[in-house]
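Student: One structure, pasted below without further comment.
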Amino acid sequence: MKRWSLPVALAVCIFLKFILFDVIWSSDTTFQSFSQPESYLIKGAIALLLAFPTVFFRSRWYAGIVCFLLDILLVANLMYWRTYYTAIPWNSYFLAGNLADFMGSVYASVRWCDGLFFAMTLGLLFYTSRYGDLRSSRSETKRRAVWFAAGFLICVVATVGLTFARGGFQRSYEKRNTCATPTFTVFGTLCYEFVKESMSITPEIHSEIERWLSATSRSYPVSGVEHRKHCVVILAESFEGWMLERNVEGKEVTPYLNRWLKDSCTLYAPRVQTQVRGGRSIDAQLLVNTGLLPIANGAYSIRFPNHRYPSLAKALKQACGEKGRMVGMTSDKRIVWNQQGVAMAFGFDRLYDEKSFTKEERMGVKKRVGDYPFLQQCAEKIAEEIAGSGDSSRCFFQLVTYSGHGPFIIPDEYKRISFSPGMPEVLNNYLTAANYTDYAIGKFIERLQEEGLFDETMIVVTGDHEGLAYLRQSLCETKEGGGLVSPFEYTPFIVINSPVGMRYEKVMGQVDIYSTLLDLTGLDDYGWKGMGQSILDPSHLGVAAIWNLTIAGDTTGICPEAIERMKQSWRISDLMIRGDYFRSDF
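Those letters in the sequence shown? Residues 1 to 586, by full-length UniProt numbering.
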């Protein structure tokens, strides 16, 4: 039996690593990439290219280093995918320092199968050290170099031909949606981002956007809504809706919010389909503040912070002039997700970050201030901001909490609820963190009441995104989680002291929050209504399009054209953000 030489063994090992990557990635989505010929051709080309140097110098050191670096790249992208549902954007590779705050979530996403990549590398080194031929004649080297070069060229030419036959690289990539990265590999995803990085609004793209926007109609009156003077939006970290109005082991998980849900002046929508993508928390700010959907790859805050965006803050300033003021507050660093740049782009007047808050009840890897002291200090700053702005001013505030961040660890001394040891650890931690955040929000509202600010302030509570990610399915299958944990990625939308009290039981998207807030705050005269639809609109469809173009909610009776238009909104929003549509000259 003829043994493989080092170049052949290395090429086969690299090829199999990509196949393993595809299997793991596709197990959470679809195995469509395995039916695409170019998927194998691209992997073959990369494997031959990376192994080619060993044709001339048989170095196991080179083989080991290449495989180890490839292992790190592939595993890192799988871990990123499990949390953000996308491959790592190219610019995020330069933001590794920001990951320190999220290492707990990163470690929690590791799976046993990730170790197979490194096992393959060790297997290659063992095989080549025992059986590999590190020497060859000049003629043998020349012959193998020709075969490798020919194989590489055949793979490249065939890939280019198939890709152009399908409408070109960009169109071919976009049509594959969730299986694009397995088909074109991580390197192909990086190439796609470079292709899409520089984009201008051409007449054709502008016409496509305008056609989509022109189909939007508004046929319901909102002039009768008596808005509140001020508005506070709380983006609760990883806060899902299935915990509300629920008892677990006889204990109420969210007693404070539950109390407000019974109030006649509360608007409550329990089924808000999360629509964040690679930006996660910062994508939530985009959805709520601008009514735009996240871009297809990466985070808009990093890639396009200097583009022009419509926003609630700008709607407020259009209506109130200098008397309108928007303030952001976060317990995080302002450089994380480039929150400072986002605040400026959205028209915020001020951003309070971690340096503005006393770090009490510290939590997380970086020991951020806990939600309770954070929101108490926010209440103080809100009172100061309103007092300093004058009686005739309108002030909007955005508060971003932190304690609910994965892996949901609340120090024992700050826990306010406990569950039996038999409950899965992650579910126990998640419920405990949610209970802590509920307490913090409840006490925050009480503080506003004490300050005499509650009556004229509308308080919005929503999750920035779902929290359980890839753990959801396994928790739903447990005895304790089945029937408790929702199989859907829903966050709640709660408006306390709302001018319109109602309960909306159908599905809505996060992008609908912006449009609804325009109505509730009396800013519906603002030109940009958002990509979504206000739930005050009687014609709201009761469904939402997810990033993978599936529809959440009951589509019975909804015309196919409306569903298709909702799916198209993702592409349209992506074009608008990348092309800086709101600054265009058309």
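Glycine included, every Cβ here is placed at the ideal spot set by N, Cα and C.
Would the beta-carbon of Trp570 fall within 8 Å of that of Pro310?
Tutor: No. Outside cutoff.
Student: Decide if Arg583 is buried, meaning its Cβ has at least 16 other Cβ atoms within 10 Å, or exposed.
Tutor: exposed
Student: Would you be able to state if there are at least three C-beta pairs under 8 Å between the segment 342 to 351 and the segment 360 to 379?
Tutor: no
Student: How long is the line joining the alpha carbons of Trp147 and Val8, rounded to whole angstroms?
Tutor: 11 Å
Student: Buried or exposed: Trp260, going by 16 or more other Cβ atoms within 10 Å of its Cβ?
Tutor: buried
Student: Tyr490 and Gln273 look like a contact to me (Cβ under 8 Å); what is the Cβ gap, rounded to whole Å?
Tutor: 6 Å
Student: Excluding the 5 residues flanking Leu48 on each side, which residues of the same chain have their C-beta closer than 6 Å to its C-beta?
Tutor: Counting only Cβ-Cβ distances below 6 Å, and skipping sequence neighbours, we find Ala11, Phe148, Gly151, Phe152.
Student: List the DSSP bridge partners of Thr462.
Tutor: Leu235, Phe493
Student: May I have a chain-ordered list of the alpha helix (DSSP H) segments no shorter than 4 residues that lie completely inside the segment 117 to 195?
Tutor: If one requires a minimum length of 4 residues, the alpha helix (DSSP H) runs lying completely within the segment 117 to 195 are 138 to 165, 169 to 176, in chain order.
Student: Can you tell me whether Glu38 is buried or exposed, with buried defined as 16 or more other CB within 10 angstroms of its CB?
Tutor: buried
Student: Any contact between the segment 399 to 406 and the segment 203 to 210? By contact I mean 3 or more CB pairs, one from each, below 8 Å.
Tutor: no
Student: Pick out whichever of Thr202, Val461, Ala45 has its Cα sitting closest to the Cα of Leu157.
Tutor: Reading off the sequence shown, one finds Val at residue 157, where the question assumed Leu. Closest by alpha carbon: Ala45.
Student: In this structure, what does DSSP give as the bridge partners for Ala545?
Tutor: Answer by DSSP bridge pairing, in chain order: Ile551.
Student: Considering only C-alpha positions, which residue in the set Glu249, Thr290, Val110 is nearest to Leu517?
Tutor: Thr290
Student: Within this structure, are the beta carbons of Lys43 and Phe68 separated by less than 8 Å?
Tutor: no
Student: What runs of the alpha helix (DSSP H), each 4 residues or longer, lie entirely inside the segment 280 to 306?
Tutor: 281 to 290, 300 to 303
Student: Within the same chain, show all residues whose beta-carbon is closer than 8 Å to that of Met1, passing over the 5 residues directly before and after it, in chain order.
Tutor: Any answer about Met1 is weak, because its pLDDT of 41 lies below 50 and its placement is not dependable; what the coordinates show is given next. Excluding sequence neighbours, Met1 sits near nothing in its chain.
Student: Per DSSP, Thr457 forms a beta bridge with which residues?
Tutor: Thr457 is bridged to His230.
Student: Return the first residue and the last residue of the beta strand (DSSP E) that Thr437 is part of.
Tutor: Premise fails: Thr437 lies in the alpha helix (DSSP H), 425 to 450, not in any beta strand (DSSP E).
Student: So which of Phe454, Ser33, Asp349 has the shortest CA-CA distance to Lys323?
Tutor: Asp349
Student: Phe586: buried (16+ other C-beta within 10 angstroms of its C-beta) or exposed?
Tutor: The predicted position of Phe586 is uncertain, since its pLDDT is 44 and thus under 50; a value taken from the coordinates is nonetheless stated next. By the 10 Å Cβ count, Phe586 comes out exposed.
Student: Could you round the C-beta distance between Leu257 and Asp438 to whole angstroms and report it? I think they count as a contact, below 8 Å.
Tutor: 5 Å
Student: Would you call Leu74 buried or exposed, if buried means 16 or more other Cβ atoms sit within 10 Å of its Cβ?
Tutor: buried
Student: Check whether the segment 352 to 363 touches the segment 558 to 572, taking contact to mean three or more Cβ pairs, one atom from each stretch, closer than 8 Å.
Tutor: no
Student: Which residues does DSSP list as the beta-bridge partners of Tyr352?
Tutor: Beta bridge pairing from DSSP links Tyr352 with Met329.
Student: Taking its Cβ as the centre, do 16 or more other Cβ atoms sit within 10 Å of Arg362, making it buried, or is it exposed?
Tutor: exposed
Student: What does a CB cutoff of less than 6 Å around Asp283 pick up in its chain, not counting 5 residues either side in sequence?
Tutor: Val276, Arg277, Pro294
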